[in-house]
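Asks: Residue numbers (our numbering): 2 to 407. For each residue, glycine too, the CB sits at the ideal point set by N, CA and C.
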Amino acid sequence: MSDVWDLIIIGGGPGGLSAAMYGARSKQKTLLIEKAKPGGQAGSTQDMENYPGFARGTTGPGLMKAFAEHATSFGAEIIRNEVVSIDAAAKVVHCKDGTQYVGRTLILAPGAVPRTLGVKGEQALRGKGVSYCATCDADFFTDLDIVVLGNGDAAIEESHYLTKFANSVTIVVIHDEGVLDAAPMLQERAFKNPKINFIWNSTIQEIKGDGIVEGVVIRNVKNNELTELETNGVFIYIGTIPLTDFVKGQVNLDARGYIITDERMETSVDGIFAAGDARVTYLRQVVTAAADGAIAAVAAEKYIIEEEGFAESVLHESRPVAVAFWTPMENKCIEMMPVIETAIASYGDKVKLWKMDTYRNQRVAKRYGVVQQPTVLFFHHGEIVSRLVEDEITPSSLNEKLQVLF
């Protein structure tokens, strides 16, 4: 625990691996903690056709292996351990084996797991014909008949993959005939596949079998009619659950347990960021998770620079400090900065001037309620003594504020 990492990443899916690569490449001391093999859900997806620049034939495991190798080539350290809790305020990560890690910043990328259906027979027959991963289990169903529940991208894409092994694939869809939630290209492919059949307006009521899956009970959602269908396997794709129990009470989550972030991947706690499927986001794909990770790592690096620079140059300064919040993109700031600089310079070494570009240092500006530029905050011993905003800033007002500091 004596070592302090610049960046600790929890979770080794595409979001976490991307963050590790960006973090290590920027010379941050980077640690990634993953409880299993790096790759997340993407590491168990056989066909990876929608990652930019990679044509057909690319596999999820292969792509994730390349992600991990890319991160470690820049110096990121990847270890296998299970994180059970974090102390957000202290940036301490607690692992299942008792090990603790301390970071200057944290990135939460724990990912999500498939949602279970919760029907009779599902748990008892899990691993005995009930599956949530075609890549993992498809070859067990060679020349057999299987059922898939779901109609999103994952369900339809994995159904197509399953037809390479199975004799037939029957997709149970809750919507009206012809209506799927998957991407149009995936829909077209499924409708053309002679091995794929559909049961519409339906869901699975029960999974039956003595030791192994032997059939399912299908319920029509419009008339509640029950029918039995013989099958050798059931693959369930009905969404995911974020693996965020270990951060409950530490960062803000939405009602479903997903981590709430802003556009810079910042959570509700300064210095803690999130990336990938476990955060609130419109789209959960490998490409979006990778983008999240890149943004989070860059934001974490800027957080360290901004926070530590401000603390060293302003909060820990023994002299009074006049902090000028400005932006070179506004003419008023450009006009006023010489006035501010001249007034401060007249006090020699007694007062320090610290200029903050609000475009690059939004976090500090937000913390101190700076919404107008230019704004001058006067600090002494780490505390704000007074402030001047825009038209209030004149040579006389600056002198008046400065004299109060002595």
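#1: I'd like to know whether the C-beta of Asp-4 is nearer than 8 Å to at least one C-beta of chain B.
#2: The alpha helix (DSSP H) that contains Asn-332, what's its start and end?
#3: What residue does the beta strand (DSSP E) around Glu-216 start on, and which one ends it?
#4: If you count every other CB in all the chains shown that lies within 10 Å of the CB of Arg-285, and 16 or more means buried, which is it?
#5: On the three-state DSSP scale, how would you describe Pro-62?
#6: Look at the alpha carbon of Leu-33 and the alpha carbon of Cys-134, and state the distance between them as a whole number of angstroms.
#7: Would a C-beta distance cut-off of 8 Å place Val-94 and Glu-207 closer than the cut-off?
#8: Is Cys-134 helix, strand or coil by DSSP?
#9: Assuming Gly-122 and Gly-212 make a contact with CB atoms under 8 Å, what is their CB distance in whole Å?
#10: Kindly list the residues whose CB is nearer than 6 Å to the CB of Gly-240, restricted to its own chain and excluding five residues on each side of it in sequence; keep chain order.
#11: For Arg-81, which of helix, strand or coil comes out of DSSP?
#12: Count the other CB atoms within 10 Å of the CB of Val-131; is the residue buried (16 or more) or exposed (fewer)?
#13: For Pro-53, which residues from the same chain have a beta carbon less than 7 Å from its beta carbon, with the 5 sequence-adjacent residues on both sides left out?
#14: Along the chain, where does the beta strand (DSSP E) containing Ile-296 start, and where does it finish?
#15: When you compare only the Cα positions, how much space is there between Lys-193 and Asp-7?
#16: Measuring CB to CB, does Val-270 end up less than 8 Å from Leu-109?
Replies: Reading from the atomic positions:
#1: This model lacks chain B altogether, as it is built from one protein chain only.
#2: 332 to 346
#3: A small correction: the amino acid at residue 216 is Gly; Glu does not occupy that position in the sequence shown. Start and end: 216 to 221.
#4: buried
#5: helix
#6: 25 Å
#7: no
#8: coil
#9: About 11 Å separates the two Cβ atoms, so there is no contact after all.
#10: Arg-116
#11: strand
#12: buried
#13: Val-288
#14: Unbroken run through Ile-296 is the alpha helix (DSSP H), 287 to 311; no beta strand (DSSP E).
#15: 51 Å
#16: no
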